[in-house]
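The opening position of the sequence shown corresponds to residue -5 in this note's numbering, with each subsequent residue numbered one higher.
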Amino acid sequence: MTNQSIPLSTIHPLHERACELAKRFKWLQSELIEVLQCIDQERTFYELGYSSLFQYVTGALGFSESVAWNLILVARKAREILELKAALRGGTLTLSSAA
-5 MTNQSIPLST IHPLHERACE LAKRFKWLQS ELIEVLQCID QERTFYELGY
45 SSLFQYVTGA LGFSESVAWN LILVARKARE ILELKAALRG GTLTLSSAA
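If you want it as structure tokens, here you go:
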């Protein structure tokens, strides 16, 4: 039972830690998208022995196929829609909904 007038962060330190990590996760996700944009644009994945950005994201970075597709789609969309990265970073948009 929780009291709605008491902030959750004062109720349990694990909640506070989870909130901080969620914030960092969103920020890191948008940073990764920026790096993937550069890797895609410069075709760096070829230099590393991968035939596509998808192969690089799944092989070198170890993401699942579905996460890789979402990251790549959002990275490419974000070139045209500049607000996309800010929305991801701010938490108003999720990676899967942006893809």
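The beta-carbon is built from N, C-alpha and C at its ideal position, and this holds for glycine as well. Every value quoted in this text rests on a predicted model; they were computed, and no experiment measured them.
Measure the C-alpha to C-alpha separation of residue i and residue j and round it to an integer number of angstroms.
i	j	result
Y40	L15	33 Å
M(-5)	I5	The pLDDT assigned to M(-5) is 45, lower than 50, so where the model puts this residue is not dependable; a value taken from the coordinates is nonetheless given after this. M(-5) and I5: Cα-Cα distance of roughly 11 Å.
V61	P7	30 Å
I27	W63	12 Å
S58	Y50	11 Å
V29	T52	15 Å
Taking residue i and residue j to be in contact with their CB atoms under 8 Å, please state how far apart those CB atoms are, rounded to whole angstroms.
i	j	result
L65	L89	7 Å
Please state if the CB of residue j and the CB of residue i are separated by a distance shorter than 9 Å.
i	j	result
V68	L76	no
Q31	R83	no
A81	A92	yes
Going residue by residue through the region 38 to 80, where are the continuous alpha helix (DSSP H) segments of at least 4 residues, counting only ones entirely within it? Listed in chain order, the alpha helix (DSSP H) runs fully inside the region 38 to 80 are 38 to 41, 47 to 53 and 59 to 74, counting runs of at least 4 residues.
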